[in-house]
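Some notes on the structure that comes next.
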DNA sequence: CTGAATTGTGTACTTTGTACATTATATATC
DNA sequence: GATATATAATGTACAAAGTACACAATTCAG
């Protein structure tokens with residue numbers, strides 16, 4: 036308890052220079068849904084310690100850059116996308132997590148439409164890897180991926196963000212399949228339909244699937260306006 | 036797009052020294068429930084820029100210290116508590132958030148039993164402030180507090196963490212009241228009871244409230260073991 | 001003994017979730 | 001153009017959970 040009165044950054048003017056010795060990075064966990072499979076965008080590491088292993092897309096934070104802006108920049112530079120779902124997940128601060136020194140990293144979760152991305156993709160070293168097939172990763176990136184996936188599983192049940200993984204117009208089958216892929220469960224098709232329709236968040240765009248070799252389904256779009264209306268009535272209820 | 040092939044911390048061995056120029060801190064949002072009111076533990080800032088304003092309890096991250104460990108240390112040093120609910124909330128990284136330079140901070144949410152705390156409290160500059168009465172705060176601490184409160188509201192509905200704010204033995208009235216304080220809603224007393232009993236998480240300790248000037252209620256404790264049993268059955272359902 | 005405050009209990013009703021089967025429509029193949 | 005294949009679209013019965021609501025019982029204070 037002798038440290039109780041120790042000078043403190045929040046309360047006392049102290050000489051801070053010796054404390055400015057950390058590096059910060061952002062790492063983006065970029066999820067995409069492609070050919071019925073949940074994938075994440077990875078890059079091969081060239082660092083000696085992790086030669087050939089897969090790592091997340093990240094970069095060092097710049098001295099005059101907001102943390103959130105850094106994650107956005109990484110997304111923009113690497114994928115060319117400028118408008119995507121992007122949200123901070125967590126900061127990983129184990130002492131020896133990076134071989135170059137004390138580098139802490141803040142993980143960001145991004146949801147992109149793979150179809151959009153493919154149009155602008157330029158970098159060959161990047162690869163969409165099915166989440167279920169990923170084994171070892173560089174650094175603590177496996178931990179970061181697992182953490183982000185858990186956050187994603189929670190969030191898609193609480194907010195209608197899953198539509199960011201699909202094209203503007205989608206079939207109910209696709210929508211159900213993304214949910215099932217991410218949550219690792221199966222829903223009854225008829226009850227899923229009923230549930231989604233009663234949310235009032237789907238707009239029937241009066242178009243049908245094309246080029247499927249079976250009866251085509253209707254296409255829907257996510258009704259953002261309807262969601263803005265209802266989301267104020269915050270859900271309150273215990274569910275543990 | 037010219038930056039696509041820029042050397043990158045995850046993929047390329049680069050000289051990192053010039054990048055190690057950030058300071059990191061942790062700030063703890065310590066919630067307590069006292070006399071029917073949700074409070075947060077604050078300290079007056081002595082920094083010239085924020086003289087006399089309230090700030091969260093925080094400290095700089097040390098060079099060889101895990102981020103999570105730093106938050107735990109702050110709690111221990113300031114309150115004497117060594118065993119409390121403590122969880123990372125978010126990292127705040129606006130460029131000018133600290134007058135001393137580029138200091139990013141990671142916020143941690145702590146839930147403590149005020150009764151436990153009072154036994155060990157030594158530091159006078161600390162004060163429990165009712166959350167509803169807090170106005171301006173130093174730095175971006177108001178934003179951090181608001182963010183943490185929102186996270187708290189979500190989490191108490193998803194996990195039985197609220198018991199960390201109460202004593203080991205508590206009445207159903209107390210339990211309901213903490214929920215209502217944090218969520219800002221009122222529950223029907225009878226339905227709340229029914230709901231809590233059906234969770235199977237309450238153990239009747241066969242004791243009654245003491246020194247209340249009305250019919251005393253039974254006391255219960257949180258059944259951690261029962262929770263471990265049921266929490267594996269992860270809830271899956273859409274609720275937006 | 002009475003009033004004040006709060007506990008403890010139960011029922012009817014509404015809403016939501018779950019299980020489950022049949023007909024309809026498009027494409028591919030023969 | 002008939003048939004097989006695949007999936008769309010729909011509805012009902014039942015179970016579970018949530019909501020609204022009223023009354024008797026217990027303790028304390030005066």
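Protein chains in written order, with this note's numbering: chain A, 36 to 275; chain B, 36 to 275.
Glycine is no exception: its CB is placed at the ideal position from the N, C-alpha and C atoms.
- Residue 214 of chain B sits in a helix when the DSSP states are folded into three classes.
- Proximity to residue 252 of chain B across B/239, B/151 and B/77 peaks at B/239, based on C-alpha coordinates.
- Around the beta carbon of residue 172 of chain B, 16 or more other beta carbons lie within 10 angstroms, which makes this residue buried.
- Uninterrupted beta strand (DSSP E) stretches at least 3 residues long and entirely within the segment 104-149 of chain A occur at 120-127 and 138-147, given in chain order.
- The C-beta of residue 192 of chain A comes closer than 7 Å to at least one C-beta of chain B.
- Closest option to residue 67 of chain A, judged by alpha-carbon separation, among A/85, A/162, A/112 and A/80: A/162.
- Sequence-distant partners of residue 60 of chain B (beyond 5 residues in either direction) whose C-beta falls short of 7 Å from its own C-beta, in its chain, are 93, 94, 95, 96, 138 and 140.
- Our two residues, residue 267 of chain A and residue 222 of chain B, have alpha carbons roughly 19 Å apart in a direct line.
- Cβ atoms of residue 121 of chain A and residue 143 of chain A come within 8 Å of each other, at about 6 Å.
- Bounds of the alpha helix (DSSP H) holding residue 262 of chain B are 259-265.
- Among the bridge pairs identified by DSSP, residue 152 of chain A is matched with none.
- Here the segment 222-233 of chain A does not lie against the segment 199-206 of chain A, with fewer than 3 beta-carbon pairs under 8 Å apart.
- Here the alpha carbons of residue 147 of chain B and residue 117 of chain B stand approximately 10 Å from one another.
- Taking a C-beta cut-off of 8 Å against chain A, the contacting residues of the segment 58-83 of chain B are 58, 59, 60, 62, 78, 79, 80, 81, 82 and 83, listed in chain order.
- A check of alpha carbon separations from residue 119 of chain A across A/188, A/136 and A/152 identifies A/152 as the nearest.
- Excluding five sequence positions before and after residue 174 of chain A, the CB atoms of its chain that fall closer than 7 Å to its own CB belong to 85, 90, 132 and 133, given in chain order.
- Per the coordinates, the alpha-carbon of residue 270 of chain A lies some 42 Å from the alpha-carbon of residue 83 of chain B.
- In this model, residue 257 of chain A and residue 114 of chain A are separated by some 24 Å (Cα to Cα).
- Residue contact with chain B for residue 235 of chain A: absent (no Cβ-Cβ distance below 7 Å to any residue of chain B).
- The contact set of residue 100 of chain A on chain B, defined by CB atoms closer than 9 Å, consists of 128 and 130 in chain order.
- A direct Cα-Cα distance of roughly 11 Å separates residue 63 of chain A from residue 125 of chain A.
- For residue 226 of chain A, the enclosing alpha helix (DSSP H) stretches over residues 224-234.
- For the segment 240-272 of chain B, the set of residues with a beta-carbon nearer than 9 Å to any beta-carbon of chain A comprises 262, 265, 266, 269, 270, 271 and 272, in chain order.
- Taking the Cα positions, residue 79 of chain B is about 53 Å away from residue 69 of chain A.
- Residue A/196 holds the alpha-carbon nearest to the alpha-carbon of residue 259 of chain A among A/98, A/145, A/188 and A/196.
- Per DSSP, the unbroken alpha helix (DSSP H) holding residue 190 of chain B starts and ends at 176-193.
- Looking at the DSSP output, residue 66 of chain B bridges to B/75 and B/146.
- The C-beta distance from residue 216 of chain A to residue 72 of chain A rounds to 7 Å, short enough to fall under 8 Å.
- Residue state for residue 207 of chain B is assigned as helix, using DSSP reduced to three classes.
- Among the CB atoms of chain A, none fall inside 7 Å of the CB of residue 211 of chain B.
- Interface residue (Cβ-Cβ distance to chain A less than 7 Å): residue 88 of chain B is not classified as such.
- Residues of chain B with a Cβ closer than 9 Å to the Cβ of residue 230 of chain A are, in chain order, 272 and 273.
- By DSSP's assignment, residue 54 of chain B forms no beta bridge with any residue.
- It is roughly 16 Å from the alpha-carbon of residue 232 of chain B to the alpha-carbon of residue 194 of chain B.
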